[in-house]
Amino acid sequence: MMKSAHFTCIYILLIGFTYIKADDECNEPLLINAKIYASSSMSNDRGPEKARLDGNGAWTAKSSDFSQFLNIDLRRKHNITAIATQGRPFTSEFVQEYRIEYGNKPLDYSEYKDKEGHPRLFTGNTDGDSIKFNKFDSPIIAQWVRINPTRWRDRISLRVELYGCNYVSENINFDGQSYFSKELYYGISSEYENIRFRFRTNEADGIILYSRGSQGDFFALQLIHNKLLLNIDLGGEGMITRVSVGSLLDDNMWHDVYIVRKNRDITFSVDRVLVQSKIRGDFLKLDLKREIFVGGVQNFNQVGLDATKNFTGCIENLFFNNTNFIAEMKEKKPQYRQFGDLTFTCQYEQVIPVTFATSEAHLKLSGYKQSVMNCSFDFRSFNEDGLLLYNKFSQDGFVKVYLEKGKIKIELQGQNTPKVVTPTSDRYLTDGLWHRIMLILEKNRIELHVDEVPSITTRQFSMLTGDEYLVGGGLYGTTGFIGCMRYIHIEGHYIRVTSLPSHRYSSEGVVFDACQMTDRCNPNPCEHGGICKQNWQEFKCDCDGTGYSGAVCHIPVNPLSCEAYKLSHPRTRRLDINIDIDGSGPLDSFPVTCEYPFEGAAVTILHHKNERPTDVKGFNKPGSFIQNIIYKAEMEQIIQLVNRSYSCRQNLRYECYKTRLFNSPASEPAPFEPFSWWVSRNNRQMDYWGGSLPGSRKCNCGLYGTCKDPTKWCNCDSEGYDKDGWLSDEGDLTQKEFLPVRQLRIGDTGTTLDDKKGRYYLGPLICEGDTLFDNTVTFYYEDATIDLPTFDMGHSGDIYFQFKTTAENGVLVSSRGPTDYIKIMLVEGDQIQFQYHAGNGPLGVSVETSYKLNDNNWHSVLVERNRKEARVVVDGSLSGEIKERTGHVRALYLTSKLVIGATVEYREGFVGCMRALMLNGAVVDLQRLAVDYPYGIANGCVGKCQSSPCLNNGTCIEGYSSYVCDCQWTGFKGPICADEIGVNLRSDSYIRYNFENSISTLEEYIRVGFTTTDKTGMIVGLSSYSEEYLNLMMSTSGHLRLVFDFGFERQEIIIKNENFALGQHHDIRILRSDKGATVTIYVDNYEPIVHTFKIDEKADAQFNRLKSIYVGRNESMGTGEGFSGCISRVQFDDHFPLRRLFQESRRSNVWAVPEDIREDDCGIEPVTHPPEIRQTRPPPTLPPGVSIEAFTAGGDDSAILGGILALIFIALILMAVLIGRYMSRHKGEYKTHEDTGAKDAPDADTAVRLGKTGHGVPKKEEWFI
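Position 442 of the sequence shown, counted from 1, bears residue number 577 in my numbering, the numbering being contiguous throughout.
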């Protein structure tokens, strides 16, 4: 990857210096003398003349929509290197994103594209005042520039400046017969070249550059069917590398070409569309010993040439490395030779194409009434159907030339003759190439020429042509032609379309002097080898046989691994399938065998073509026999499989007859000189054999000291042992970093004349498990997240993961930009939603399942968005999609981090487990990232129920951030099933629980707790319809009596652990096992009491036909003989009488006597867990290397602050002086409400009596002491 990045940097550096002036010199403002136009203006003071950088106003479009643009006429061709933009000053009106078109004519533009061939979207402004610079990766050479806003704030308002310099060019024109060559006096033998130039042509085929070497090396650059094709061979081995870029290059517009080769790496770019490839073979140098031909060759029958025509058109600024061929050719340097007529100015052929952009677009051309028709034109299209030409005869009849499923047809009706349809050609013509059609009609003769190939049909008819010809446009249900035409001739006369009056063509859909076609299939938008098909408006991908599905063949059909297949097919034991190790990534699927043991991880077996034991003889030199191991997968695929597996192994065996293997022993530092060895995946010669360890220089027997010859380290190195027999060294290679075995090298197998020989066996690669599904984290809080770097989803991207939760709602993944966003959510427990905004309004797609997705089981989610649709796939089979809106599809512009587990504001988060996160097929290591984001996140899928917080066999319901205990199958209640469900009974009270179904048991579990001070009464009892019973009772001694009769013999067990009538709480558990023969009694924390009974084989130890459970006493006991005290936690297997009585809606099978008995906790304090200490989310941190500078006031600020403080201080002093002066002047002159009659009163009571005022004065009072 580092090598590829380095190579790309070299390429960008080169294209930055494409032209004569360097970028730092070519940066002059260009709009000083430019003329600016606009699609519309909001008002006169917001017109295009206001669109200059740093001006007082700005251009504002009348309506803010995607059709608005600003046109700049630089008045002559310039080299444009950068652009700067602003919005409207002091407002929030600005353009956030825009695209650029350019050209040398006002109506014929080319889009500025990125390296993938998509329209480049430039980042605009973030406010109305700041300036945003964008530097072009490679300069634009043009006179006209169009800026088309694609995102904006409030309104489309723009100020702009272009930077660059005058364009200086060296041109040479070729007429299809001429060319020139440069002789290589000293030859070329290089590991690096770069070639760059511009060209324009009207021809679809032609040779541009060609050269050969004396050793068979060559390179050939040629136009083939309006695409550039580079053929190259290093070393003359006949291994030709073919790289093709571009489309519709015969449009008579300038195209930029860059070719950079470094060793076997080659980068080929046309109009900034970039293709990187690897040259086949092992050679690194291109050896050229002859001349280099430019524009053509004399003999087309040469290796590497596909074209059979020389180039026709103009080439500009042709550089081979640092040599300007055209400049040197003009100087007539002696190493250059000219063939034919060459001119050093571009001679533009007067070709005026016309574009029919809609099926209603048409031309109405005048003709004459005559008995012979002669019409011709060139057309190109991607639409398979459409009317090309129609003429209604002056008398009866008509002729119609049209396309049907890509083939040309003629429909004709003459005077007094029936209508006929004549199929004239089987060629497929809607391939985007120019095709010439000429139609000649005369009496009883139809002559049609397609690309100069005539087709003549004789049919009886006569006609007189009409005076108007319809070119394009729909007619009588026939779809109109959509595409381009040129060289239109009617009745032998050339039609100059730009001179037609307006009534001769439709008002919309016709564009003159430009062929505005777009090849949507170049570069191929269909991934993984999908076949692209297109028409004028859209493309479609044929994904059959690719192993992928979806609109662009992006979604893998095959599972990620054998382990992934096991998740959806748990009962499978063995099968052969294809797996796609990187999902939607660039690697294709490959065949494996999957085995699924009853326990443990899935096993993946990858076979190769050399698994049979193979004899080797006659290769005596060390390693002279070479066996390359050919697997059923590419090495990159295998390495990903091995790296993702828990473990891998490959069995390696060598059988020898009088031959040696390692020539052991050979301890370090002595050189290791084996006769045979194996080669690792990294092309490293390995120094150990199967079953041994790296660096040991031993076989398995040498590692454990079990070799036939104790002095040797391999059996096959033994001397004097089994000379007349075979020996063997065998074992598994288990070191993953070296697997798989790439090659075997065998030696010392004698000659054809002796009896020495060897035999090797290499087993298939066997791997276990898939670490992808162990890369699991748990989100405990709704604001706990893992923040990944910004995800560039662009025009196409996908996100895959698996999740497990019990929550109904939660945001799983989110990210946003200034206006765009993506959000993947779980909604209401049964729906996955993908919502996004890509500049043209919010869109969303959801998949609703018939089952719950919050069932605490693993579910997979795949979300994909491409140029045609957005799709969600749940559990590999349920999918939903939404088509993109028609028109220009915009890339998702996301600037925030990719937040896993919540929104970007850390809200509405997901609580549960997540694993196997993949972005565009690349695995994200969640567990490593969880270390950096420890808040509320843990490695593994560890819920709150993992610690078994629910007591007494309560069922824990996982919530990940919390848990809930279901106590319905326990004898307890409360948040953790630890609160007692009891009842305080008197001696005449009891509770009865009847079994709703007749059951019989052979083994039982009984539990009861009680507190009492009385030594009489029955605690719990069971009865049956067969008179069998079991009773746990108090003994008069304070002990317990367990009395039961299950039909084989009455038994009574006295439990004497302590006095149970002292008011203490006791917990009794009784377990009958061993088919009823063993009774184990657990009393509190004492050692269990075990009683074993000998039961006759014919005896029935089963507790038959159970009837009722009694708590306190039964009906056979008299009033007052029952238990007095508190009883709780009553349980018989899965029957809980007290729970059914008090905690649930009481059914008719349980009741109490008397009915007003109430629940009691028996005075037992419930067990509780310590409260959980919840973490608080840490404050946000700055990225590494980013800091906030502390504010330090400058000298001027300090002076101002000091002056303000001094003024405040002086003002406070003045206020204090004024207040003091006022108070001193008015001292003693104030009035109070103090009563004068109480002035000399000795105490408070006297003051009240003597007072003259107050609410009680008028009323006389008497006081008694």
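A virtual CB, placed ideally from N, CA and C, is assigned to each residue, including glycine.
inquiry  = Classify residue 442: buried if its beta carbon has 16 or more other beta carbons within 10 angstroms, exposed otherwise.
reply    = The sequence position of residue 442 within the sequence shown is 307, counting from 1. It is buried - the Cβ of residue 442 has at least 16 other Cβ atoms within 10 Å.
ask   = Quick one: is residue 1056 buried, meaning 16 or more other Cβ sit within 10 Å of its Cβ, or exposed?
value = Along the sequence shown, read from residue 1 onward, the residue named residue 1056 stands at position 921. Residue 1056 counts as buried, since no fewer than 16 other beta carbons sit within 10 angstroms of its beta carbon.
message = Along the chain, where does the alpha helix (DSSP H) containing residue 839 start, and where does it finish?
response = On the sequence shown, residue 839 is found 704 positions in, with the first residue counted as 1. Under the DSSP assignment, residue 839 falls in the alpha helix (DSSP H) whose first and last residues are 835-839.
The region 253-260 / the region 178-190 touching (three or more Cβ pairs under 8 Å) = Short answer: they don't touch.
inquiry  = I need the DSSP call for residue 1345, collapsed to helix, strand or coil.
reply    = As a working note, residue 1345 is residue 1210 in the sequence shown. It is helical.
request  = Pull up the distance between the alpha-carbon of residue 1233 and that of residue 1183, whole angstroms please.
outcome  = The residue given as residue 1233 occupies position 1098 in the sequence shown. The residue given as residue 1183 occupies position 1048 in the sequence shown. Cα-Cα distance, rounded: 9 Å.
key: Simplified DSSP state of residue 387, which is helix, strand or coil   = Against the sequence shown, residue 387 aligns to sequence position 252. If DSSP states are grouped into helix, strand and coil, residue 387 belongs with coil.
query = What do you reckon, are the CB atoms on residue 798 and residue 806 nearer than 7 Å?
reply = Your numbering for residue 798 matches position 663 in the sequence shown. Your numbering for residue 806 matches position 671 in the sequence shown. Not closer than 7 Å, so no.
ask   = Taking the Cβ atom as the reference point for each residue, do residue 894 and residue 721 lie within a distance shorter than 7 Å?
value = Within the sequence shown, numbered from 1, the residue matching residue 894 stands at position 759. Within the sequence shown, numbered from 1, the residue matching residue 721 stands at position 586. No.
task = Kindly list the residues whose CB is nearer than 8 Å to the CB of residue 1302, restricted to its own chain and excluding five residues on each side of it in sequence; keep chain order.
result = The residue given as residue 1302 occupies position 1167 in the sequence shown. So the list reads 1086, 1111, 1113, once near-sequence residues are dropped.
ask   = Counting pairs of beta carbons, one from the region 310-319 and one from the region 460-471, are three or more of them closer than 8 Å?
value = Output reads yes: the region 460-471 touches the region 310-319.
key: Among 531, 934, 650, 547, nearest to residue 486 - alpha-carbon criterion   = As a working mapping, residue 486 is identified with position 351 in the sequence shown. Nearest Cα to residue 486 within the set 531, 934, 650, 547: 650.
request  = May I ask you to list the residues that DSSP assigns as paired with residue 194?
outcome  = Within the sequence shown, the letter at position 59 stands for residue 194. Listed as beta-bridge partners of residue 194 by DSSP are 293.
inquiry  = Looking at the strands, I want to know which residues DSSP matches up with residue 471.
reply    = Mapped onto the sequence shown, residue 471 falls at position 336. DSSP output for residue 471 lists 317 as bridge partner(s).
task = Use the C-beta contact count for residue 1336: other C-beta atoms within 10 angstroms, 16 or more gives buried, fewer gives exposed.
result = Working through the sequence shown from its first residue, we reach residue 1336 at position 1201. Classification of residue 1336: exposed, given that the 10 Å Cβ count is below 16.
query = To which residues of the same chain is residue 1128 closer than 6 Å at the C-beta, ignoring the five residues directly before and after it?
reply = Sequence index remark: in the sequence shown, residue 1128 carries index 993 (1-based). Once the five neighbours on either side are set aside, the close Cβ partners of residue 1128 are 1244, 1272, 1285.
message = Can you tell me whether residue 585 is helix, strand or coil according to DSSP?
response = Taking the first residue of the sequence shown as 1, we reach residue 585 at position 450. Under the three-state reduction of DSSP output, residue 585 falls in the strand class.
request  = Would you mind sorting residue 565 into buried or exposed? The rule is 16 or more other CB atoms within 10 Å of its CB.
outcome  = To locate residue 565, count along the sequence shown from 1; it is residue 430. With 16 or more other Cβ atoms inside 10 Å of its own Cβ, residue 565 counts as buried.
key: Candidates 888, 386, 869, 699, of which the one nearest residue 908 by Cα   = The sequence position of residue 908 within the sequence shown is 773, counting from 1. Out of 888, 386, 869, 699, 699 has the C-alpha closest to the C-alpha of residue 908.
ask   = What's the gap between the Cα of residue 543 and the Cα of residue 567?
value = Along the sequence shown, one-based indexing puts residue 543 at 408. Along the sequence shown, one-based indexing puts residue 567 at 432. Across the structure, residue 543 and residue 567 are spaced so that their CA atoms are roughly 15 Å apart.
Among 1154, 511, 450, nearest to residue 341 - alpha-carbon criterion = Looking up residue 341 in the sequence shown gives position 206. 450 is the residue among 1154, 511, 450 whose C-alpha sits nearest the C-alpha of residue 341.
task = Using alpha carbons as the reference points, say which of 1067, 615, 512 lies closest to residue 623.
result = Within the sequence shown, the letter at position 488 stands for residue 623. For residue 623, the nearest C-alpha among the options comes from 512.
Sub-7 Å separation of residue 582 and residue 572 beta-carbons = Your numbering for residue 582 matches position 447 in the sequence shown. Your numbering for residue 572 matches position 437 in the sequence shown. No, Cβ-Cβ distance for residue 582 and residue 572 is not below 7 Å.
inquiry  = Please identify the residue among 1228, 1164, 1074, 1185 whose C-alpha is closest to the C-alpha of residue 1249.
reply    = Taking the first residue of the sequence shown as 1, we reach residue 1249 at position 1114. If we check each option's Cα against that of residue 1249, 1164 comes out closest.
request  = Measure the Cβ-Cβ separation of residue 955 and residue 1061 and say whether it is below 7 Å.
outcome  = In the sequence shown, counting from the first residue as 1, residue 955 sits at position 820. In the sequence shown, counting from the first residue as 1, residue 1061 sits at position 926. Against a cut-off of 7 Å, the Cβ pair of residue 1061 and residue 955 comes out as no contact.
request  = Buried or exposed for residue 538, please, with buried defined as at least 16 other CB atoms from any protein chain shown within 10 angstroms of its CB.
outcome  = Taking the first residue of the sequence shown as position 1, residue 538 is located at position 403. Looking at its Cβ environment, which holds 16 or more other Cβ atoms inside 10 Å, residue 538 is buried.
inquiry  = Quick check: the region 475-483 against the region 299-318, are at least 3 beta-carbon pairs closer than 8 Å?
reply    = With a cut-off of 8 Å, the region 475-483 and the region 299-318 count as touching, because enough Cβ pairs lie within range.
ask   = Taking residue 635 as the reference, which of 627, 626, 648 has the closest Cα?
value = Residue mapping note: residue 635 aligns to position 500 of the sequence shown, counting from 1. For the residues 627, 626, 648, the minimum Cα distance to residue 635 belongs to 648.
ask   = Roughly how many angstroms lie between the CA atoms of residue 1186 and residue 1166, to the nearest whole one?
value = As a working note, residue 1186 is residue 1051 in the sequence shown. As a working note, residue 1166 is residue 1031 in the sequence shown. Roughly 11 Å separates the two Cα atoms.
task = My understanding is that residue 913 touches residue 1077, with C-beta atoms under 8 Å, so please give their C-beta distance in whole angstroms.
result = Indexing the sequence shown from 1 puts residue 913 at position 778. Indexing the sequence shown from 1 puts residue 1077 at position 942. Indeed they touch by this definition, with Cβ atoms about 5 Å apart.
key: Per-residue burial, residue 218 [other beta carbons within 10 Å of its own, 16 or more giving buried]   = As a working note, residue 218 is residue 83 in the sequence shown. By the neighbour-count criterion, in which a residue is buried when 16 or more other Cβ atoms sit within 10 angstroms of its Cβ, residue 218 is buried.
inquiry  = Please tell me whether residue 1070 and residue 718 are closer than 7 Å, where the distance is taken between their beta carbons.
reply    = Here residue 1070 corresponds to residue number 935 of the sequence shown, with the count starting at 1. Here residue 718 corresponds to residue number 583 of the sequence shown, with the count starting at 1. Contact flag unset, no.
query = Under a three-way DSSP split, which group does residue 1240 fall into?
reply = Residue numbering aside, residue 1240 sits at position 1105 when the sequence shown is read from its first letter. It is coil, neither helix nor strand.
task = Measure the beta-carbon distance from residue 1401 to residue 982 and round it to whole angstroms, keeping in mind my assumption that it falls under 8 Å.
result = No answer is possible for residue 1401: it lies beyond the span of the chain, which begins at 136 and ends at 1400.
ask   = According to DSSP, is residue 1282 helix, strand or coil?
value = Position 1147 of the sequence shown, counting from 1, holds the residue named residue 1282. DSSP places residue 1282 in the coil class of the three-state scheme, outside both helix and strand.
key: Cβ contact check for the region 233-243 and the region 282-289: 3 or more pairs under 8 Å   = Yes, they touch.
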